[in-house]
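Okay, structure first, notes after.
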Amino acid sequence: TVVLPEVIVHKTITTLDQSDWGLPVTHHSLEEEGSSWGFEPVIHDVADLEKLAPPLIEHDEQATERRVSQVTDLLGDTLPVRVKGIDRFGFHLMRVWTERRGLEQTYYDLVDDPDFVHAAMARISECYQDVVQQYVDLGVIDLNNDQTYNHTGGVGFTTDLPGDGYDGSPRLKDVWAFAEAQELAAVGPDQHEEFALSYERELLKPFGLTAYGCCEPLHGKLDLVLSLPNLRMISVSPWANVRAIAERCGSSLVLSIKPDPSVLVGPFDPERARSQINGILRDADGSVFQIVLKDTHTCECHPERFGLWTQIARESIDRWQEGR
């Protein structure tokens, strides 16, 4: 990742991460630490959709001032302190829904009760639109064309933002936004369009640049995904066909390619890591791409593996560039 010589203090703002959308998520799980869990649906019929509600977004200016003062006192003579507002705009309609309906039940609903799913997506979209409007009304939108993490992986550096007419007050057209529907990884392109993309497309429309995808493989859905407004970056998960996406996208998009993170698990095999990276470099040749090692939930108490992987990746990239 990129670390700039500054300290960022985010404003104290109530965000979606602190919200239950009017209906808290519940799970049933075993008592053993680290055990699996299952969905405990809290939405059972259309009437329950009325319980879904957007969070009330609030900015505690006094708390922000205290945090800025504390960080400035600690580090201000060493690094500049920069205050930022909301700089991540992500839409996760299917995650909000499946957490409250259940993933398996959602798949049944796609066939048995599609109108129910459409009603849910419409309601959740309304809630997201309400939240975005609250950000606008509060004036807490901040630029993210910097080292701000982009949900597809990587960071948001670009000279194409902010947009034309920018006067120092960030607008939606000045920032990146993101959407994904990884819960629909197992459905075909038509259903992905019907139950996700058709709603995500409208939510993304006001933003300057957009990114799409997370863990869902998108190589079989590209025609529909590429119709998203202002699309600039697309996720290429470990289960995606890198070559197919590279050939289809060319240099028009940034491919955020994620190698299989299980390379960090078990005995670390440098040759396996090297082979994996070389395969990506071969298949992505001709496109604009980045390689992002993410979803690394464990390195089995061997953090040095990250450094080893990075060294292998850099060596492989150097050899690949020399041989082009």
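Counted the way this note's numbering counts, the sequence shown spans residues 6 to 329. From the three backbone atoms N, C-alpha and C, an ideal C-beta is built for every residue, glycine too.
- In terms of Cβ geometry, residue 207 and residue 185 do not form a close pair [threshold 8 Å].
- The residues 275, 278, 279, 282, in chain order, have a CB closer than 8 Å to that of residue 317 in the same chain once the five nearest residues on each side in sequence are set aside.
- Remark: C-beta atoms of residue 102 and residue 62 do not approach each other more closely than 8 Å.
- In the structure shown, residue 178 adopts helical secondary structure according to DSSP, grouped into three states.
- Around the C-beta of residue 113, fewer than 16 other C-beta atoms lie within 10 Å, and the residue is accordingly described as exposed.
- Contact annotation: residue 288 and residue 245 have beta-carbon atoms that are not nearer than 8 Å.
- Using a C-beta cut-off of 8 Å, the region 176 to 183 makes contact with the region 210 to 230, since at least three inter-stretch Cβ pairs fall below that distance.
- Under the three-state reduction of DSSP, residue 47 is assigned to coil, being neither helix nor strand.
- Contact between residue 297 and residue 261 holds, since their C-beta atoms are separated by about 6 Å, short of 8 Å.
- The distance from the Cβ of residue 88 to that of residue 14 is about 5 Å, consistent with a contact at the 8 Å cut-off.
- If you keep only unbroken beta strand (DSSP E) runs of at least 3 residues inside the region 76 to 110, you get 86 to 89.
- If you check the CB distance, residue 132 and residue 59 come in under 8 Å.
- DSSP places residue 237 in the strand class (E or B) of the three-state scheme.
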